[in-house]
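Undergrad: For the sequence shown, our numbering begins at 1294 and goes up steadily by one. My questions will all concern the structure given below.
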Amino acid sequence: MAATLPSIDFGFETLRERMSQFTKRFDAFIENGRKSLLEEKNEFAKNMSEDKDRQRGLKTELEYYQAKELEIKEQEAKEKEEVTEAENAIAVMEHKKRMKDDHKESLLAQIEETKLAIEKKRAIRAAERQALALQQTRNKPELEFWEDHLGMKIEGAGVADQLKIIYTHLVDPDWNKEFWFVVSMMSRDYEVIKCRPKLDPDEVTRVVDKLNETREFSPFLKDMRQLFKKTAVGE
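See the structure below:
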């Protein structure tokens, strides 16, 4: 009978079991590491995106405050300029006030003198109006003669103190053709402000100067008629 070898238990099954368990734990560790790494990667990407959004927001906010700062600086410069202008204006006004105070008595005297001059001119103007009214009364028969026999009429020009003088019977055979001018009596001196047809300005000035010197209206009307007659003949 052959001799049998003794069986020796090397623990392979136990070792295999332990290796299998180690492999499972190692695979789980690797899988957990991958998941953790992926989660960290995703969290990092999320944080990076949030950081970029926050950075853009901060940049926008910074630009806004920089613009506001520039606007405030411009406003301050404008206000400073306005303050300087106001101070200069106040200084000028104070200087003028001092000058007015220094010359107060002289100004009062000038005002009083001006009042007297105005009153004097008013009195002269009133006297001239009375004289003109008297002259018009005296000239009324002559004016009626002019209107009835010499083809002239006087009417208002649509403005106070202005008269429109119209002549006819100057052009043969068109006796009804009108020649007219407007004379202003708004100031002390008479002034011819419009003529139709137009007359020589120098001739009109000569005739008006004569009127203002003599204050005689009838000769003035005759002279103006002669100027229109001369113009009509020359046409």
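Think of the CB as a built atom: it goes at the ideal place given N, C-alpha and C, for glycine as much as any other residue. From a predicted model like this one, the values you see are computed outputs, not experimental measurements.
Consult DSSP for residue 1538 and reduce its assignment to one of helix, strand or coil.
TA: As shown, the chain starts at 1294 and ends at 1528. That puts residue 1538 outside it, with no answer to give.
Undergrad: Would residue 1474 and residue 1464 be called neighbours here (beta carbons separated by less than 7 Å)?
TA: The residue given as residue 1474 occupies position 181 in the sequence shown. The residue given as residue 1464 occupies position 171 in the sequence shown. Against a cut-off of 7 Å, the Cβ pair of residue 1464 and residue 1474 comes out as no contact.
Undergrad: Determine the DSSP secondary structure at residue 1509, reduced to helix, strand or coil.
TA: The residue you call residue 1509 lines up with position 216 of the sequence shown. Here residue 1509 sits in coil by DSSP.
Undergrad: Can you tell me whether DSSP reads residue 1311 as helix, strand or coil?
TA: Sequence index remark: in the sequence shown, residue 1311 carries index 18 (1-based). Residue 1311 falls in the helix class under three-state DSSP.
Undergrad: Kindly indicate which three-state DSSP category residue 1341 falls into: helix, strand or coil?
TA: Within the sequence shown, residue 1341 is the residue found at index 48, counting from 1. Helix, per DSSP.
Undergrad: In this structure, does DSSP put residue 1471 in helix, strand or coil?
TA: Looking up residue 1471 in the sequence shown gives position 178. Coil at residue 1471, not helix or strand.
Undergrad: In angstroms with no decimal places, state the Cα-to-Cα distance between residue 1440 and residue 1523.
TA: Indexing the sequence shown from 1 puts residue 1440 at position 147. Indexing the sequence shown from 1 puts residue 1523 at position 230. Approximately 20 Å between the Cα atoms of the pair.
Undergrad: Take the Cβ of residue 1322 as the centre, count every other Cβ of all protein chains shown within 10 Å, and call the residue buried at 16 or more, exposed below.
TA: Residue mapping note: residue 1322 aligns to position 29 of the sequence shown, counting from 1. Looking at its Cβ environment, which holds fewer than 16 other Cβ atoms inside 10 Å, residue 1322 is exposed.
Undergrad: Check each candidate in 1477, 1507 and 1517 and name the one with the smallest Cα separation from residue 1490.
TA: The residue you call residue 1490 lines up with position 197 of the sequence shown. That would be 1517, whose Cα lies nearest to the Cα of residue 1490.
Undergrad: Given residue 1446, which residues of its chain have a CB within under 6 Å of its CB, disregarding the five upstream and five downstream residues?
TA: By one-based count along the sequence shown, residue 1446 stands at place 153. Counting only residues of its own chain and dropping the five nearest sequence neighbours on each side, residue 1446 has a CB closer than 6 Å to the CB of 1440 and 1459.
Undergrad: Assign residue 1449 to one of three DSSP states: helix, strand, or coil.
TA: Here residue 1449 refers to the residue found at position 156 when the sequence shown is read from its first residue. Residue state, collapsed to three classes: strand.
Undergrad: Between residue 1504 and residue 1483, is the Cβ-Cβ spacing less than 7 Å?
TA: For the purposes of this step, residue 1504 is identified with residue 211 of the sequence shown, where counting begins at 1. For the purposes of this step, residue 1483 is identified with residue 190 of the sequence shown, where counting begins at 1. The answer is yes: Cβ separation under 7 Å.
Undergrad: Identify whether residue 1477 lies in helix, strand or coil by the three-state DSSP scheme.
TA: By 1-based counting over the sequence shown, the position of residue 1477 is 184. Here residue 1477 sits in strand by DSSP.
Undergrad: For residue 1328, name the three-state secondary structure that DSSP assigns.
TA: Walking along the sequence shown from the start, residue 1328 turns up at place 35. Three-state result, residue 1328: helix.
Undergrad: Closest by CA to residue 1449, which one among 1437, 1392, 1478 and 1393?
TA: As a working note, residue 1449 is residue 156 in the sequence shown. The option with the nearest alpha carbon to residue 1449 is 1478.
Undergrad: Quick one: what does DSSP say residue 1487 is sitting in, helix, strand or coil?
TA: For the purposes of this step, residue 1487 is taken as the residue at position 194 of the sequence shown. The answer is strand: DSSP assigns residue 1487 an E or B state.
Undergrad: Alpha carbon to alpha carbon, how far is residue 1493 from residue 1500?
TA: If you number the sequence shown from 1, residue 1493 lands on position 200. If you number the sequence shown from 1, residue 1500 lands on position 207. The alpha-carbon atoms of residue 1493 and residue 1500 are separated by roughly 11 Å.
Undergrad: Look at the Cβ atom of residue 1510, then the Cβ atom of residue 1472, and state whether they are nearer than 7 Å.
TA: Counted from its first residue, the sequence shown places residue 1510 at position 217. Counted from its first residue, the sequence shown places residue 1472 at position 179. Cβ distance not < 7 Å, so residue 1510 and residue 1472 don't count as in contact.
Undergrad: Roughly how many whole angstroms lie between the Cα atoms of residue 1373 and residue 1380?
TA: The residue labelled residue 1373 in the question sits at position 80 within the sequence shown. The residue labelled residue 1380 in the question sits at position 87 within the sequence shown. Each residue's alpha carbon lies about 10 Å from the other.
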